[in-house]
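Chemist: Input: one structure, supplied below.
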C-alpha cells in the first residue's frame, strides 16, 4: 500500500501498472506466480490473469494465492508489458518480501531500479495453462540494491 501512496507503483494490489497505449510504468515482484525466475539483474516475470478470483463470503479467494485456472492472454496489463518491449522505455521494479528469491528484501518493499523488457512470449506454465512471460534486464549505471 505504501508504494501506491508514494506514487512508485500505483495499484495497491496488482503487480503491473500501465496501459496498452503507453506501456508499463512499474511492476512489483511479490512471489505471486510459480513460473517467475529471478537472478537479480534480470528476471522472467509472469503476466497477470488466468486466475478465478471470484469468491463468496464463506469461501473468499485471494488474488495472490488463487491457482492458475485458465490461459493468460496479451490483453490489459499484459498488453502494457508487451507494448514496453516495443517502446524500450524503462520500467520501475519494486521487489516485495514475499518473493521466492534471495534478491527479495527480508521485509517490506524495495525500489530496485529501472529495467528494460526485452522479450514477451507465451509458454505453458507449471499448472498446465498458457502464461504470458516477459524478460526484464536491469539498466546499467544504477546503484545496486543488492547487499
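Numbering (this note's numbering), first residue to last: 803 to 949.
Here a beta-carbon is modelled for each residue, glycine too, at the ideal position from N, C-alpha and C.
So, using beta-carbon positions, are residue 821 and residue 882 closer together than 8 angstroms?
Modeler: Closer than 8 angstroms, so yes.
Chemist: Can you check DSSP and say which residues form a bridge with residue 923?
Modeler: Its beta-bridge partners are 935.
Chemist: Please report the straight-line C-alpha distance between residue 927 and residue 943, rounded to a whole angstrom.
Modeler: If I take the Cα positions, the gap works out to 33 angstroms.
Chemist: Measuring CA to CA, which of 907, 823, 817 is closest to residue 889?
Modeler: Cα-wise, what sits closest to residue 889 is 823.
Chemist: Taking just the CA atoms, how far does residue 840 sit from residue 905?
Modeler: So the two alpha carbons sit approximately 8 angstroms from each other.
Chemist: Taking the beta carbon of residue 925 as the centre, do at least 16 other beta carbons fall within 10 Å, making it buried, or is it exposed?
Modeler: Residue 925 is exposed by the Cβ-count criterion.
Chemist: Quick one: grab the DSSP three-state call for residue 818.
Modeler: Correct three-state label for residue 818: strand.
Chemist: What's the C-alpha gap between residue 930 and residue 873?
Modeler: So the two alpha carbons sit approximately 9 angstroms from each other.
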